[in-house]
């Protein structure tokens with residue numbers, strides 16, 4: 001199964017994301033937009049994995065994260081990744097708090113220890129992807145400067161392991177495991 005590990009976002013962030021997507025569409029950005037129910041903060045993209053490997057990984061990560069303190073981070077505005085002068089990915093930024101960085105590093109260490117390969121993207125930039133750009137207006141950088149977001153706090157008390165099935169209508173995400181820092185491991189019985 002195609003697998004990734006993420007932090008789920010709250011309804012308030014989903015709402016702001018949709019408002020920002022609507023603004024971008026009105027500015028004539030064309031993109032593969034993320035459906036509201038698919039919004040998340042990706043920690044690790046793992047690619048194709050055998051279900052038994054996912055099971056053993058979930059148990060190893062749960063053991064490592066048991067008792068990790070819950071924490072919060074704040075929505076920190078709008079951002080983008082660009083290639084040369086073109087926008088590639090549009091996103092909402094989240095504050096890279098020390099706790100969020102520590103969670104990422106703890107998980108990275110455990111994945112390395114149990115020899116799970118993941119997509120190494122360089123520096124960890126906590127974000128919620130809004131869309132992958134296909135076309136954009138000429139003065140796009142000036143246009144997006146005006147995009148404001150309210151301060152919204154996201155409480156993080158665990159992580160979710162997802163499977164992703166690619167379809168012509170876009171990806172379908174299903175949670176496989178929820179790893180709660182204080183509440184153990186929950187498996188989705190499908």
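Numbering (my numbering), first residue to last: 1 to 190.
Backbone N, C-alpha and C define an ideal beta-carbon position, used for all residues, glycine too.
- Setting aside the 5 residues that flank it on each side, residue 85 has no residue in the same chain whose C-beta is closer than 8 Å to its C-beta.
- Here residue 56 carries a helix assignment [DSSP, helix/strand/coil].
- Bounds of any beta strand (DSSP E) do not take in residue 189, whose DSSP letter is neither H nor E.
- In this structure, residue 17 sits away from residue 159, with a CB-CB distance that is not shorter than 8 Å.
- For residue 31, the beta-bridge partners assigned by DSSP are 133.
- Residue 141 and residue 129 have their C-alpha atoms roughly 18 Å apart.
- The region 48-120 contains, as complete beta strand (DSSP E) runs of 3+ residues, the segments 71-83, 86-94 (chain order).
- With fewer than 16 other beta carbons inside 10 angstroms of its own, residue 172 counts as exposed.
- Exclusion of the five residues before and after residue 28 leaves 137 as the residues of its chain whose Cβ lies within less than 6 Å of its Cβ.
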